[in-house]
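Residue numbers (our numbering): 617 to 778. Worksheet: the structure to be examined is printed underneath.
Written as C-alpha cells, this is what we have:
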C-alpha cells in the first residue's frame, strides 16, 4: 500500500514499488522525493514511513526490510542507501541469493531534524537521534546520539603520506 500525502511532491522519475506482502509506504505532507529515488519493499514485512517536510535527494535507495521510519524535517543528500535488512550467507552448500534473510535488528529509525550527507549507507539497527548530522560517505550501523556530528570516512589526498 502506497500512501502519498496530497501536499507531498514525488518526482515522476522516482520509482516506488508497491508491496506484494502488504508493506505500507507512506510519504508525509510537504515532503519531497526527488528523481531517481528507488523505494523497494524487500527483505521483510516492515513499513516505510516518511514524516513531514523531509527531502530525499536524487539517487537514494530505500529498502523497507524490517522497517524504516524517517521523521520530520530530515534532509537526505544524494546517493544514500538505507538497508534495514541482512542477507543470510552461512550455508556454504547454497548460493547466498537463495538463502533468504537473517533475523532483523529492529529496522532503521531516523528521528526529526537529521541531516544525512551524500553517499551514506545506513544499516539495519541504526538509530539516528534528533538533530544529529551524518557526514558524507559515512556508514551507520548503530545509534548516533542527539545533536552529534558523525564525520565521513576520510579520503587521502593525492601525494599525502600514509
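We put the beta carbon where it would ideally sit given N, CA and C, even for glycine.
So, for residue 653: in the same chain, excluding its five sequence neighbours on each side, which residues have a beta-carbon less than 6 Å away from its beta-carbon?
The sequence position of residue 653 within the chain shown is 37, counting from 1. Here the set comprises 630, 672, 676.
Go through its chain and collect everything with a Cβ distance to residue 695's Cβ below 7 Å, but skip five positions before and after it.
As a position in the chain shown, residue 695 is number 79, starting the count at 1. Excluding positions up to five away in sequence, the list reads 675, 676, 734, 735.
7 Å CB neighbourhood of residue 623 in its chain, flanking five on each side removed:
Translated into the one-based positions of the chain shown, residue 623 becomes position 7. Same-chain partners within the cutoff: 645, 646.
Between which two residues does the beta strand (DSSP E) carrying residue 690 extend?
Taking the chain shown and counting its residues from 1, the one referred to as residue 690 is at position 74. Here residue 690 belongs to no beta strand (DSSP E), and DSSP marks it neither H nor E.
Which residues in the same chain have their Cβ closer than 6 Å to the Cβ of residue 763, if we skip the five residues on either side of it in sequence?
Sequence index remark: in the chain shown, residue 763 carries index 147 (1-based). Counting only Cβ-Cβ distances below 6 Å, and skipping sequence neighbours, we find 747.
Take residue 742 and list the residues in its own chain whose beta-carbon comes closer than 7 Å to its own, dropping the five residues that flank it on each side.
By 1-based counting over the chain shown, the position of residue 742 is 126. Result list for residue 742: 724, 756, 757, 758, in chain order.
Reduced DSSP secondary structure (H/G/I, E/B, other) of residue 717:
Residue numbering aside, residue 717 sits at position 101 when the chain shown is read from its first letter. It is a strand residue.
Go ahead and label residue 774 buried or exposed: buried means 16 or more other beta carbons lie within 10 angstroms of its beta carbon, across all protein chains shown.
Position 158 of the chain shown, counting from 1, holds the residue named residue 774. Reliability of the predicted coordinates at residue 774 is poor, the pLDDT of 48 falling under 50, and the value obtained from them is presented with this limitation in mind. Under the 10 Å beta carbon count, residue 774 is surrounded by fewer than 16 other beta carbons and is classified as exposed.
Going along the chain, which residues of its own chain have a beta-carbon closer than 6 Å to the beta-carbon of residue 693, five neighbours each way excluded?
Locating residue 693 in the chain shown gives position 77, where the first residue counts as 1. The residues are 673, 733, 734.
Cβ distance (whole Å) where residue 760 is taken to contact residue 731 below 8 Å
Taking the chain shown and counting its residues from 1, the one referred to as residue 760 is at position 144. Taking the chain shown and counting its residues from 1, the one referred to as residue 731 is at position 115. About 11 Å; that fails the 8 Å criterion.
To which residues does DSSP link residue 699 through a beta bridge?
The residue labelled residue 699 in the question sits at position 83 within the chain shown. Beta-bridge pairing links residue 699 to 739.
Along the beta strand (DSSP E) that carries residue 665, what are the first and last residues, could you check?
Walking along the chain shown from the start, residue 665 turns up at place 49. From DSSP, the beta strand (DSSP E) with residue 665 extends over 664 to 666.
Bridge partners of residue 656, per DSSP?
Working through the chain shown from its first residue, we reach residue 656 at position 40. According to DSSP, which records beta bridges pairwise, residue 656 is partnered with 679.
Rounded C-beta distance between residue 791 and residue 686? I'm assuming under 8 Å.
Given that the chain is displayed from residue 617 to residue 778, the structure contains no residue 791 and the question cannot be resolved.
Give the range of the beta strand (DSSP E) segment to which residue 790 is assigned.
Nothing in the structure corresponds to residue 790, since the chain is present only between 617 and 778.
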